[in-house]
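Peer 1:
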Amino acid sequence: MVSTARSGLIGLIVLILIVLAGVSSMAGTYNRLVRANQQVEAAWGNVEAQYQRRFDLIPNLTEATKGFLQQERTVFEAIAQARTRYAGAPAGSSGRVAAANQLESALARLLVIVENYPTLRSSDVVQRLMAELSATENEIASARLGYNQQVRDYNTQVKSFPTVLVAGTLGFHEREFFISQAEARKAPKVNLTTP
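Take my numbering: the final residue in the sequence shown is number 955, and no numbers are missing along the way.
#1: Starting from the C-beta of residue 814, find all residues in its chain whose C-beta is less than 6 Å away, skip the five residues before and the five after it, and write them out in chain order.
#2: For residue 773, is the classification buried or exposed, using 16 other Cβ atoms within 10 angstroms of its Cβ as the cut-off for buried?
#3: Using CA atoms only, rank isn't needed, just tell me which of 763, 877, 939, 860 is closest to residue 818.
#4: Measuring straight from C-alpha to C-alpha, what distance separates residue 790 and residue 905?
#5: Where does residue 922 sit, in a helix, a strand or coil, going by DSSP?
#6: Using the Cβ count rule (16 or more neighbours within 10 Å means buried), how would you classify residue 923?
#7: On the premise that residue 824 lies in contact with residue 889, defined as a C-beta separation below 8 Å, what is that separation, rounded to the nearest angstrom?
#8: Please work out which residues of its chain come closer than 6 Å, Cβ to Cβ, to residue 921, disregarding the five sequence neighbours upstream and downstream, and give them in chain order.
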């Protein structure tokens, strides 16, 4: 009788230890996924910060070039539309990415137009703004790269065994990489030196 009770108690203790190990493992997995998800969010925040910097530069560049380029009104309208769409889209949404891509396209057209106006190219204000915009574009590219690296690391964790068995249940799903539109990947050729 004592032996049976003792065996039952040992079995119960072993079962409790197995359950505790499972819960502990699940908690560790959850915490790793939360940490990875937060790193993805932080990386996207860096992309958004650079987009905002770009959007803050645009009005200055637009004003500096507007007087020269009255006939190029469609470019300014496209830039204004993209800024409005970006501001109205929720943070981290595909709407913001689409607006940023629309702005890249409009900026590429503006750069080509600026190149066709020698007096505009020689303007110190325009050259300074273009240099700032170029630096911002480099920062955006760097932030996008960082974001995609974080997404890759996160997706690897979510899809790795044994995490894949519980990730969906815990609310963690694969994230999308940032992919720019085909036309935005074509860098415009700009020469701002005066002839």
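We put the CB at the ideal spot given by N, CA and C, even for glycine.
Peer 2: So, from the listed chains and residues:
#1: Here residue 814 has 896 as same chain residues with Cβ atoms under 6 Å from its own Cβ, once five neighbours each way along the sequence are excluded.
#2: exposed
#3: 860
#4: When rounded, the distance between both Cα atoms is 26 Å.
#5: coil
#6: Taking a 10 Å sphere around the C-beta of residue 923, we find 16 or more other C-beta atoms and assign the residue as buried.
#7: 6 Å
#8: none
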